[in-house]
Amino acid sequence: MATLTREEISPPRPTREALRARWGPRGLLILVVLLLAGLVFLPTALVFVRAVTEDPRNPLSTFTLHALADSYGSPRIWRVLAETMAMSLACGILATVLGGALAWILARTDVPLRRFFELVVIAPLFLSPFIGALAFLELGAPRTGLLNQLARDIGLPGWVSIDVMTFQWLVVILALHYVPYGYLLVSGSLQNMDASLEEASHMNGRGTVQTALRISLPAVRHATLSSVMFVTISATGMFSVPALLGAKMSFHPLAVTIYRATNGYPSDYALAAALGTMLVLLSVIGLWLYQRGLRQSSKFVTVTGKSQNRKRISLGRAKYAVILLLVLYSLVTTVLPYAALSLRAFSTSSNLDEIHLTTQVVREVLGAPELKDALANTVTVAVATAVGAVAVGILTSYVTERVRHRGSGLLNAVAMSPLAVTGIVFATGVFAMYLGTPLYGSLTIMVLAYVASYLPHATRVTGNGFAQIDKSLEEASRMCGASQARMVYTVLLPLMRPSISAAVIMVFLFTVREINTAILLYTPDTMLLSILSFNYAQQASLPAAAVVGLLETALMIAWIVVMRALLRPGKLHQRA
89 MATLTREEIS PPRPTREALR ARWGPRGLLI LVVLLLAGLV FLPTALVFVR
139 AVTEDPRNPL STFTLHALAD SYGSPRIWRV LAETMAMSLA CGILATVLGG
189 ALAWILARTD VPLRRFFELV VIAPLFLSPF IGALAFLELG APRTGLLNQL
239 ARDIGLPGWV SIDVMTFQWL VVILALHYVP YGYLLVSGSL QNMDASLEEA
289 SHMNGRGTVQ TALRISLPAV RHATLSSVMF VTISATGMFS VPALLGAKMS
339 FHPLAVTIYR ATNGYPSDYA LAAALGTMLV LLSVIGLWLY QRGLRQSSKF
389 VTVTGKSQNR KRISLGRAKY AVILLLVLYS LVTTVLPYAA LSLRAFSTSS
439 NLDEIHLTTQ VVREVLGAPE LKDALANTVT VAVATAVGAV AVGILTSYVT
489 ERVRHRGSGL LNAVAMSPLA VTGIVFATGV FAMYLGTPLY GSLTIMVLAY
539 VASYLPHATR VTGNGFAQID KSLEEASRMC GASQARMVYT VLLPLMRPSI
589 SAAVIMVFLF TVREINTAIL LYTPDTMLLS ILSFNYAQQA SLPAAAVVGL
639 LETALMIAWI VVMRALLRPG KLHQRA
């Protein structure tokens, strides 16, 4: 009888390919966990830790609930909370109503020049909220506003004049900034709705308005609710616009109160941390309602497997009135603000009778050393943030869409959690995390904060790109002997170029105009264009702030042009 030696019965040693197949996905999962922990979880956790420590600058100091008790038990803070909720909810409702109406016009009717007006609707995205508020201040300041001066000059009664430094106008100006978000969130549902539902309503004798209210609106009610919640969450943490327009009426919502607590004398970091927890809880509740609205939307199915009727509603004679409304929207949100900024930048006086066009202010601002430094810092931070956020977003999306580990859902939730943490609150956590380290006061800390803040946007866009790619393409690449890394580089990434380019452009634009996060992290050596414009406005140098605002817009447009030129399909084909 033959005997088996030890070598013959020992199991075969795993090959390099087997080790890669086994540990590659696990290693990628561990990498994503570490990245999300450092970028998102720790700064968010430190917001709560700072609120329950004796010395908020030292997370290891004595545990105490004094700051939370003083904040949550203060009638003044509860009044601030009520004012913040009123501002953000009113903004969410108004932005959704306007955005939803524009979405219905462009998605369901036969209005002409549809493509052009779609660009007109989203044009406010190219103007930062603060610069937009500055433009409206130039237009509607009580005494010096251009529109008020014009009304007085032509003899209109006093009640016609406007005052943008009131709560009502603050809500309107914020809502106009968020209208594109309401439009984008509602228009998708309207475009996919079966037109036969509306035709049946018309056949039963109902008019266009009744059909829109009884059929179209109920069919997209959950998209509408999601829009209200999304805008409300975003407006809750808005700092720059209330800081500019709310000063006259002493309106200081939570975000402004946090800024005043950290930048006043003496600084009250404990109060800032406690108020930060309040903002986080508000945002979490809103985000929960937003996600609940998305889940419940399956109960109102309007897209089925049968052929869809895409016939649009005829506006008839009302077509010209609708076009007039769209032109008026363009004037209010784009033409007038940019005209006011340009006039202020190229004039030394805000008085219509004394306006003299000159390039003096423009030359002084563009020649200032602080602007050159701010421009270089802005480009550096925006490019690094766009690349970093999209890279982490691709890794996170790949793990959640392809690896499908048991913890993939939790990872996706952590990646999306910055939506529930407003910029100024997240900045307090980043500030505490890197205080006393070499990164404190550097551009790197701002890049890390921005990457975490815009990670949800990058993850969502790249995740949609992964979802559109059939897994059979990856399997075919692996069967041909390609490693996992080579398969990702040669198969997935080229197919995801449209999603990647869209994410890179979007994150860059958001970073250039961002103030809420940078306001607590910048130093004189890390000045950004957005902060420079804010500082100019605080110093009453409105012409200089207008110049910087126009430069921000030019930078964003230049980035879009460059990226579209670099990522043209023909260009990519030539490179390949």
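This note's numbering numbers the first residue of the sequence shown as 89 and each following residue consecutively. Beta carbons are placed, not taken as given, at the ideal position from N, Cα and C, and that holds for glycine. Only a predicted model underlies this, so the values are computations on that prediction, with no experimental measurement involved.
Residues that DSSP places opposite residue i in a beta bridge
| i | result |
| --- | --- |
| L445 | S435 |
| C141 | The sequence as given places Thr at residue 141; Cys does not occur at that position. The partner list for T141 (beta bridge, DSSP) reads F151. |
| I401 | T197 |
6 angstroms CB neighbourhood of residue i in its chain, flanking five on each side removed
| i | result |
| --- | --- |
| V518 | P131, A537 |
| G243 | none |
| T150 | E142 |
Whole-number beta carbon distance between residue j and residue i, since they are thought to touch under 8 angstroms
| i | j | result |
| --- | --- | --- |
| L333 | A221 | 6 angstroms |
| M337 | T254 | 6 angstroms |
| R138 | A546 | About 27 angstroms separates the two Cβ atoms, so there is no contact after all. |
| N604 | T510 | 7 angstroms |
| T667 | F434 | A query on residue 667 cannot be resolved here, the shown segment of the chain reaching from 89 to 664 and no further. |
| A183 | A263 | 4 angstroms |
| R202 | L194 | 6 angstroms |
| S485 | G551 | 4 angstroms |
| V471 | V539 | Contact doesn't hold; Cβ gap of about 12 angstroms is too wide. |
| A503 | L124 | 6 angstroms |
| F136 | T345 | Actually they are not in contact, since the Cβ atoms of F136 and T345 sit about 18 angstroms apart, beyond 8 angstroms. |
Cα-Cα separation, residue i to residue j
| i | j | result |
| --- | --- | --- |
| V467 | L617 | 9 angstroms |
| L543 | S216 | 19 angstroms |
| G529 | M615 | 10 angstroms |
| V449 | G455 | 10 angstroms |
| A428 | F218 | 14 angstroms |
| I165 | T611 | 29 angstroms |
| F598 | V372 | 22 angstroms |
| F214 | I443 | 27 angstroms |
| H265 | M173 | 18 angstroms |
| L665 | L363 | Limits of the chain in this structure are 89 at one end and 664 at the other, which puts residue 665 out of reach. |
| L581 | V549 | 13 angstroms |
| A474 | V120 | 18 angstroms |
| L116 | L483 | 8 angstroms |
| T324 | V267 | 16 angstroms |
| A409 | V316 | 27 angstroms |
| D461 | V128 | 29 angstroms |
| S386 | V274 | Residue placement at S386 is flagged as unreliable, the pLDDT there being 46, under the threshold of 50; the coordinate-derived value follows with that caveat. Going by the C-alpha atoms only, they are around 15 angstroms apart. |
| L608 | L278 | 40 angstroms |
| E640 | A633 | 11 angstroms |
| T392 | V469 | Any reading at T392 needs caution, since the residue's pLDDT is 44, under 50, leaving its predicted position unreliable; the model's value is listed next. Spanning the two alpha carbons is a distance of roughly 45 angstroms. |
| L654 | A360 | 44 angstroms |
| V259 | C179 | 5 angstroms |
| R663 | V595 | With a pLDDT of only 46 at R663, under the threshold of 50, the placement of this residue in the model should not be trusted; the figure read from the coordinates follows. Distance between the alpha carbons of R663 and V595 is about 25 angstroms. |
| Y271 | L414 | 13 angstroms |
| K163 | M175 | The displayed chain sequence assigns Pro, not Lys, to residue 163. Approximately 18 angstroms, taken between the alpha carbons. |
| L322 | C568 | Residue identity check: residue 322 is Ser in the sequence provided, not Leu. If I take the Cα positions, the gap works out to 47 angstroms. |
| V168 | A155 | 16 angstroms |
| N351 | S328 | 15 angstroms |
| P230 | A239 | 12 angstroms |
| I593 | L463 | 18 angstroms |
| R601 | L583 | 30 angstroms |
| L225 | G233 | 7 angstroms |
| A53 | A628 | The structure shown does not extend to residue 53, since the chain is modelled only from 89 through 664, so no value can be given for it. |
| S157 | V199 | A quick correction: the sequence has Ala, not Ser, at residue 157. The alpha-carbon atoms of A157 and V199 are separated by roughly 56 angstroms. |
| T261 | H340 | According to the sequence shown, residue 261 is Ile rather than Thr. Each residue's alpha carbon lies about 16 angstroms from the other. |
| R451 | K407 | 46 angstroms |
| L499 | F318 | 21 angstroms |
| L638 | S430 | 8 angstroms |
| V579 | V453 | 48 angstroms |
Sequence-distant residues of its chain with Cβ nearer than 8 angstroms to residue i (five each side left out)
| i | result |
| --- | --- |
| G228 | L235, N236, I250, D251, V252, W257 |
Cβ shell of residue i (< 7 angstroms), same chain only, five flanking positions each side left out
| i | result |
| --- | --- |
| L424 | L227 |
| R110 | Residue placement at R110 is poorly supported in this model, since its pLDDT is 49, which falls under 50; the coordinates still yield a value, given next. Taken in chain order, the list of residues that qualify is empty. |
| L177 | T320 |
| L527 | I533 |
| A606 | M534, L616, S618, I619 |
| R196 | L278, S304, R400, I401 |
| V389 | In this prediction, V389 scores a pLDDT of 44, lower than 50, which makes its location untrustworthy; the coordinate-derived value is nonetheless stated afterwards. Result list for V389: empty, nothing under 7 angstroms. |
Cutoff 8 angstroms: residue i Cβ touching any chain B Cβ
| i | result |
| --- | --- |
| L419 | Looking at the structure shown, chain B is missing, and only one protein chain is on hand. |
Contact test: residue i Cβ vs the ligand GTP heavy atom, cutoff 7 angstroms
| i | result |
| --- | --- |
| S629 | Among the ligands in the structure shown, none appear at all, so the ligand GTP cannot be discussed. |
Whole runs of the alpha helix (DSSP H) within the segment 203-286, excluding any shorter than 4 residues: 217-228, 234-241, 255-280
Contained alpha helix (DSSP H) runs [length at least 4] in the segment 309-388, N- to C-terminal order: 309-324, 328-333, 342-351, 357-384
Residue ranges of each alpha helix (DSSP H) within the segment 477-559, 4 or longer: DSSP runs (the alpha helix (DSSP H)) wholly in the segment 477-559: 496-504, 511-522, 531-541, 543-555.
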